[in-house]
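First the structure, in the form of structure tokens, and then the observations on it.
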Amino acid sequence: MSKVLVSDPIDQAGIDILSQVATVDVNTGLKPAELIEIIGQYDALMIRSGTRVTQEIIEAGTQLKIIGRAGVGVDNVDVPAATRRGIVVVNSPEGNTIAAAEHALAMMLSLSRHIPDANASVKRGEWDRKTFVGAEVYKKTLGVVGLGKIGSHVAAVAKAMGMKLLAYDPFISTERAEQIGCQLVDLDLLMQQSDYITLHIPKTPETTHIINATTLAKMKPTARIINCARGGIIDEAALAAAIKEGKIAGAALDVFESEPLGESDLRAIGKDIILTPHLGASTTEAQVNVAIDVAEQIRDVLLGLPARSAVNIPGLGPDVLEELKPYMQLAETLGKLVGQLAGGRVELLTVRLQGELATNKSQPLVIASLKGLLHQALRERVNYVNANIEAKERGIRVIETRDASARDYAGSLRLEATGTLGTHSVTGALLGDKEIHLTDVDGFPINVPPSKYMVFTLHRDMPGIIGKLGSLLGSFNVNIASMQVGRKIVRGDAVMALSIDDPLPDGILAEITKVPGIRDAYTVTL
Ligand SMILES: NC(=O)C1=CN([C@@H]2O[C@H](COP(=O)(O)OP(=O)(O)OC[C@H]3O[C@@H](n4cnc5c(N)ncnc54)[C@H](O)[C@@H]3O)[C@@H](O)[C@H]2O)C=CC1
Ligand SMILES: O=C(O)C(=O)COP(=O)(O)O
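Quick note: the sequence shown, position 116, residue 116 per the UniProt record's numbering, numbers continuous.
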């Protein structure tokens with residue numbers, strides 16, 4: 001049975017799902033050295049933001065197949081290190097969207113009405129109605145930095161509260177922003193014109209300290225800034241100085257450069273700052289959502305199925321996966337076949353999407369083709385995560401082409417591998433109820449479903465050759481399940497595809513090539 005380590009608190013709903021397929025150990029609050037010590041026993045690791053999954057931890061996790069982040073941000077995981085090791089990293093892109101958006105909105109209103117300090121004052125026995133006079137958000141301008149899932153929901157609610165909306169997000173179209181009711185502007189203008197600024201961007205090298213002394217200096221002295229996205233997006237020292245010097249009116253922070261928040265100037269600022277301990281995703285609803293979402297993906301990956309929200313398998317979102325799943329199986333099978341036909345070291349793989357397939361995303365099919373191609377060399381060590389990297393490291397160049405006019409089958413995929421021993425090509429399509437068929441080998445039309453063990457010959461189309469090959473295999477007790485010849489012209493060159501029940505015993509391939517008329521023979525395992 002597989003073993004899963006849960007190293008941050010997650011909802012029981014997730015543990016229940018994992019327990020269907022694995023032994024689950026919940027062990028929270030581990031120090032890095034303790035995690036390194038035990039991670040080697042586990043097939044999967046489930047975390048939230050509390051565990052930092054460094055390269056060292058990933059390298060110690062020799063059995064790890066998947067790291068599941070029960071939430072959105074994966075900035076606490078060394079994703080490139082996981083990718084290199086073929087470990088899938090999954091998250092829950094939508095499970096806590098509403099929770100985080102509502103926390104940001106709660107922060108905005110709390111800041112405007114001094115709710116935390118007013119509450120503390122009443123609890124101290126005071127009745128001070130003067131100190132806590134607030135401001136309305138109605139008709140004020142909210143600047144949303146990052147108009148993704150959370151930013152969009154914040155914008156929609158803020159609009160309903162009568163706020164005017166500006167947004168900065170270089171990856172969003174003007175039309176999309178307008179749909180949400182936001183005017184897309186550059187960051188400078190947003191900083192200058194907003195009464196409230198709310199951040200909903202990931203932490204990346206580009207966004208680190210994107211809010212700094214210079215950008216803060218552009219804000220109105222009456223403006224307030226909210227960060228429920230990631231610590232480190234705002235330069236905390238510059239923020240503390242800006243509030244203390246009255247350059248801005250206040251801030252509300254849920255996330256910090258270093259968590260838990262240690263010694264910090266921010267704590268000393270009175271009523272103009274609200275600090276919460278990374279609570280954006282901490283609602284009952286969100287925790288159930290993310291735990292189920294991620295536990296299901298861990299379960300699936302441990303059962304050998306693909307994950308729907310892998311962050312390190314490019315282009316493989318849930319929608320793409322659903323549509324392309326049968327074609328990915330086709331691509332992988334063709335990859336295995338062309339790799340074995342090519343033998344030697346493959347230097348170039350050309351992936352051609354034909355017919356209806358030509359309008360699809362090619363990246364997942366390229367990855368699946370490479371996974372198949374590299375299977376011979378790497379076996380289970382190659383997967384959708386590392387296929388690209390492994391191919392690059394082996395110097396395999398990939399060319400993608402499309403041919404929408406190829407109409408023999410609704411959609412088909414052609415792979416051509418060129419290596420040290422020559423060039424081979426295979427084409428396949430899905431027939432009927434998504435059954436894989438090989439439709440062409442080295443330019444010769446055939447129509448056979450692939451089977452686990454196959455023999456291909458390149459021969460001269462002439463009488464008696466099929467009989468001779470059949471007798472030869474029979475004399476070695478090799479049972480032929482099916483046989484088909486593909487030829488372009490009568491008595492010209494032809495390809496024969498044989499499905500056999502068991503692997504071809506050693507030495508027989510050489511015997512096959514001795515049959516007069518057979519020029520080449522290949523045995524493959526798919
Ligand atoms: N405080 C908490 O507990 C929680 C925090 N988060 C954090 O909230 C943030 C946003 O999450 P989602 O909305 O789900 O992500 P998302 O991926 O849907 O949206 C992020 C948006 O940021 C934009 N963006 C990326 N780089 C940018 C840049 N350099 N400048 C401006 N915009 C940029 C993207 O185009 C995208 O539209 C993430 O950092 C996530 O980790 C998420 C959930 C809970
Ligand atoms: O989902 C995210 O990005 C979050 O920041 C939530 O973090 P958490 O799971 O509450 O530690």
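Backbone N, C-alpha and C fix where the C-beta goes; we use that ideal spot for every residue, glycine too.
DSSP lists V90 as the beta-bridge partner residues of A310. Taken from the Cβ of H103, at least one heavy atom of ligand 1 lies inside 8 Å. Setting aside the 5 residues that flank it on each side, V26 is surrounded in the same chain by V6, each with a C-beta closer than 6 Å to its C-beta; the list follows chain order. Taking each of L415, L357 and L365 in turn and checking the Cα distance to S405, the smallest one comes out for L357. In the three-state DSSP reduction, A223 falls in the coil class, being neither helix nor strand.
Taking C-alpha positions only, V495 is separated from V485 by approximately 6 Å.
With 16 or more other Cβ atoms from the protein chains shown falling within 10 Å of its own Cβ, E236 counts as buried.
The Cβ-Cβ distance between K452 and P516 does not fall below 9 Å. Going by beta carbons, I269 and I233 fall outside the 9 Å limit. Ligand 2 has a heavy atom closer than 8 Å to the beta-carbon of N96. Just so you know, the alpha carbons of V398 and I436 end up roughly 23 Å apart. Here the region 69-84 lies against the region 42-54, with 3 or more beta-carbon pairs under 8 Å apart. With the rule of 3 Cβ pairs closer than 8 Å, the region 209-226 does not count as touching the region 171-179. In the structure shown, T350 adopts extended strand secondary structure according to DSSP, grouped into three states. Pairwise C-beta distances place the region 361-381 out of contact with the region 442-450, as fewer than three of them are shorter than 8 Å.
DSSP places E400 inside the beta strand (DSSP E), whose first and last residues are R397 to D403. By the beta-carbon neighbour count (other beta carbons within 10 angstroms, threshold 16), E296 is buried. In terms of CA proximity to I115, V133 leads the group E390, V133, T208 and L279. Fully contained in the region 206-266 are the following beta strand (DSSP E) runs of length 3 or more, in chain order: 224-227 and 250-253. E435 is bridged by DSSP to L431. Shortest Cα-Cα distance from K139 to any of E34, A249, G422 and Q193 involves Q193. Selection G246, V478, L348 and M483 evaluated against G507 yields V478 as nearest (Cα-Cα). Annotation for H459: the continuous beta strand (DSSP E) segment containing it runs Y453 to R460. Between the region 37-46 and the region 241-261 there are fewer than three C-beta pairs closer than 8 Å, too few to call the two in contact. The closest CA to that of H153, considering only G61, Q179, S112 and L430, is found on Q179. Counting every other CB atom within 10 Å of its CB across the protein chains shown gives T204 a total below 16, marking it as exposed. If you check the C-beta of R230 against ligand 1, you find a heavy atom less than 8 Å away.
Within its own chain, the residues whose Cβ lies closer than 6 Å to the Cβ of I313, once the five positions on either side in sequence are excluded, are Y384 and V385, listed in chain order. Non-local beta-carbon contacts of V441 in its own chain, meaning distances under 7 Å to residues more than five positions away in sequence, involve V426, F456, G486, V495 and A497 in chain order. Residue pairing from DSSP places T198 in a beta bridge opposite V144 and I226. Remark: C-beta atoms of T23 and M46 do not approach each other more closely than 9 Å. Distance from the CA atom of L353 to the CA atom of D520, rounded to whole angstroms, is 28 Å. Look at I150: its beta carbon is less than 8 Å from one of the heavy atoms in ligand 1. Contiguous alpha helix (DSSP H) elements confined to the UniProt domain "ACT" (454-526) occur at 465-475 and 508-514, taking only those with 4 or more residues. Taking P326 as the centre and dropping the five residues before and after it, the same chain places the C-beta of L430 and K434 closer than 6 Å to its C-beta, in chain order.
V122 is bridged by DSSP to nothing; it lacks a bridge partner.
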